[in-house]
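Positions in the sequence shown are counted from 1; adding 18 to them yields our numbering.
Taking it in order: structure first as structure tokens, then the write-up.
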Amino acid sequence: MLKRVWWGWCLGWCVFAAPLAHAETITVAAEDDWPPYSHAQPGTSEPQGVAPRIVRAAFKTQGIDVRFVVLPFARCLMEAEKGRVVGCFNVTRTRANENTFIWHPTPMFEEELAIFGRVDAEHPAPARSLSQADLRGRSVGITVGYTYPTDFMRDPAIRRIEATSDRSLLRMLAAGRVDHALVNTLPAYHRVAHVPELQGRVARVGSLRVDGFWLSFSKAHADGARLAGVFEQGLQSLRRSGEHARLMATLPRGAP
Numbered sequence: 019m020l021k022r023v024w025w026g027w028c029l030g031w032c033v034f035a036a037p038l039a040h041a042e043t044i045t046v047a048a049e050d051d052w053p054p055y056s057h058a059q060p061g062t063s064e065p066q067g068v069a070p071r072i073v074r075a076a077f078k079t080q081g082i083d084v085r086f087v088v089l090p091f092a093r094c095l096m097e098a099e100k101g102r103v104v105g106c107f108n109v110t111r112t113r114a115n116e117n118t119f120i121w122h123p124t125p126m127f128e129e130e131l132a133i134f135g136r137v138d139a140e141h142p143a144p145a146r147s148l149s150q151a152d153l154r155g156r157s158v159g160i161t162v163g164y165t166y167p168t169d170f171m172r173d174p175a176i177r178r179i180e181a182t183s184d185r186s187l188l189r190m191l192a193a194g195r196v197d198h199a200l201v202n203t204l205p206a207y208h209r210v211a212h213v214p215e216l217q218g219r220v221a222r223v224g225s226l227r228v229d230g231f232w233l234s235f236s237k238a239h240a241d242g243a244r245l246a247g248v249f250e251q252g253l254q255s256l257r258r259s260g261e262h263a264r265l266m267a268t269l270p271r272g273a274p
């Protein structure tokens with residue numbers, strides 16, 4: 019009788035433990051300096067923000083655990099391109115990079131690429147919303163290593179000046195070193211809200227476009243194509259359950 023009980027316990031434990039033994043863990047690169055979507059707090063190794071929460075939750079619905087490595091965005095892209103990680107987020111899809119990575123059909127979220135300008139007593143807000151055509155003949159700040167629309171990057175009439183980060187870019191704008199700056203709206207609002215010297219000096223004055231943002235999967239990684247499909251299934255599961263909408267609702271809205 020004791021022998022039967024022991025074998026029964028062993029069989030039950032083995033059935034329970036089998037899924038744990040075969041649980042898949044993957045490594046994904048997260049950008050380190052794009053709040054409120056993805057950023058790293060000093061002294062921590064886990065990314066903060068809504069994007070890593072979406073990535074983790076989507077894969078979790080498919081039985082996959084995610085380990086993040088937090089990197090500057092340019093290195094995030096490079097590590098994915100070389101296949102050292104299975105993917106990198108948050109990436110916009112452009113003509114310049116569409117053949118570099120594997121793209122799941124549905125973007126994780128959408129975000130506006132806005133035109134920011136100086137707004138003070140000497141520089142009143144324009145009477146209408148600016149567009150790309152208004153940037154021709156002007157100096158426009160961009161963040162080095164970030165992805166921008168191909169037609170903007172190839173427009174010879176626009177003088178592009180690079181900054182090392184969105185924070186530096188907005189400070190450059192406030193100091194009058196560029197005429198305008200291209201910054202995603204919510205990340206720019208986050209910077210202005212947390213940097214007093216920017217408040218009342220820079221503001222959204224136009225829009226270039228609204229972009230989708232993806233977890234770009236590596237063509238060089240053996241599991242890149244498979245996991246792009248798995249991630250899409252996970253995203254659709256999050257949308258059906260309402261979890262994706264709940265996560266997006268945690269983002270702040272409106273100018274500071």
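Positions of the beta carbon are idealized from the N, C-alpha and C atoms, including for glycine.
Because the structure is a prediction, the values reported are computed rather than measured.
Integer-rounded CB distance, given that residue j should sit under 8 Å from residue i
| i | j | result |
| --- | --- | --- |
| residue 238 | residue 99 | 7 Å |
| residue 255 | residue 105 | In fact, because the Cβ distance is near 18 Å, the residues do not count as touching under 8 Å. |
| residue 187 | residue 159 | 5 Å |
| residue 54 | residue 270 | 6 Å |
| residue 15 | residue 191 | Coverage of the chain is limited to positions 19 through 274, which leaves residue 15 absent and any answer about it impossible. |
| residue 145 | residue 137 | Incorrect: roughly 13 Å between the Cβ atoms, too far for contact. |
Candidates the options: closest to residue i by CA position
| i | options | result |
| --- | --- | --- |
| residue 165 | 62, 257, 232, 250 | 232 |
| residue 195 | 162, 157, 175 | 157 |
| residue 110 | 230, 150, 211 | 230 |
| residue 168 | 127, 227, 250, 245 | 227 |
| residue 134 | 243, 107, 248, 218 | 218 |
| residue 262 | 103, 76, 64, 57 | 76 |
| residue 154 | 161, 144, 207, 171 | 171 |
| residue 272 | 246, 265, 206 | 206 |
Range of the contiguous alpha helix (DSSP H) that encloses residue i
| i | result |
| --- | --- |
| residue 72 | 68-78 |
| residue 168 | 168-171 |
Per DSSP, cross-strand counterpart(s) of residue i
| i | result |
| --- | --- |
| residue 109 | 232 |
| residue 157 | 177 |
| residue 56 | 52 |
| residue 43 | 83 |
Limits of the beta strand (DSSP E) - the one that residue i falls within
| i | result |
| --- | --- |
| residue 99 | Residue 99 -> not in any beta strand (DSSP E); alpha helix (DSSP H) instead, spanning 91-99. |
| residue 188 | Per DSSP, residue 188 belongs to no beta strand (DSSP E); it is in the alpha helix (DSSP H), 184-192. |
| residue 132 | 127-136 |
Residue ranges of each beta strand (DSSP E) within the stretch 196-273, 3 or longer:
Fully contained in the stretch 196-273 are the following beta strand (DSSP E) runs of length 3 or more, in chain order: 198-202, 220-236.
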